[in-house]
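Asks:
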Amino acid sequence: MVFDAAGALFWLIILMGGIAVAVWILFGFALRAIDQIMASPASKPERILWSVLVLALPGVGLAIWALFGPRSEPDPPGR
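Just so we're aligned, residue 67 is where the sequence shown starts under the numbering used here, counting upward by one.
Printed below as a string of structure tokens:
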């Protein structure tokens with residue numbers, strides 16, 4: 067029982083670390099994209115709109131995946 071909990075905790079830490087690294091990388095790409103948008107010759111409201119869209123897209127994608135992504139099927143009765 068203790069081994070199962072320790073193993074689960076180990077994999078949870080590994081998973082959370084992987085997610086944190088992925089978010090850090092995506093945040094870096096978003097900041098670089100925003101820098102390029104702000105340096106463009108477009109009008110200020112248009113640059114702000116594009117910056118907001120760049121920051122919102124990962125959240126929108128995650129929400130769509132959470133709503134319509136793969137779902138685990140319950141075990142059939144008798145198992």
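Here a beta-carbon is modelled for each residue, glycine too, at the ideal position from N, C-alpha and C.
#1: Could you give the C-beta distance for arginine 92 and proline 124, rounded to a whole number, given that I count them as a contact under 8 Å?
#2: Nearest-angstrom Cα distance between proline 111 and methionine 104?
#3: Compute the distance between the beta-carbons of alanine 88 and leucine 121, then report whether it is under 9 Å.
#4: Rounding to the nearest angstrom, what Cα-Cα distance links serine 106 and isoleucine 100 in this structure?
#5: For proline 136, which residues from the same chain have a beta carbon less than 6 Å from its beta carbon, with the 5 sequence-adjacent residues on both sides left out?
Replies: With the structure as the only source:
#1: As a position in the sequence shown, residue 92 is number 26, starting the count at 1. As a position in the sequence shown, residue 124 is number 58, starting the count at 1. Before going on, a small fix: residue 92 reads as leucine here, not arginine. Indeed, because the Cβ distance is near 6 Å, the residues count as touching under 8 Å.
#2: Sequence index remark: in the sequence shown, residue 111 carries index 45 (1-based). Sequence index remark: in the sequence shown, residue 104 carries index 38 (1-based). Proline 111 and methionine 104 have their alpha carbons spaced roughly 11 Å apart.
#3: Translated into positions along the sequence shown, residue 88 becomes position 22. Translated into positions along the sequence shown, residue 121 becomes position 55. Result no, Cβ atoms of alanine 88 and leucine 121 do not sit closer than 9 Å.
#4: What you label residue 106 is simply residue 40 of the sequence shown in a count that begins at 1. What you label residue 100 is simply residue 34 of the sequence shown in a count that begins at 1. The alpha-carbon separation between serine 106 and isoleucine 100 amounts to approximately 10 Å.
#5: By one-based count along the sequence shown, residue 136 stands at place 70. Non-local C-beta neighbours of proline 136 in its own chain, meaning closer than 6 Å and more than five positions away in sequence, are absent.
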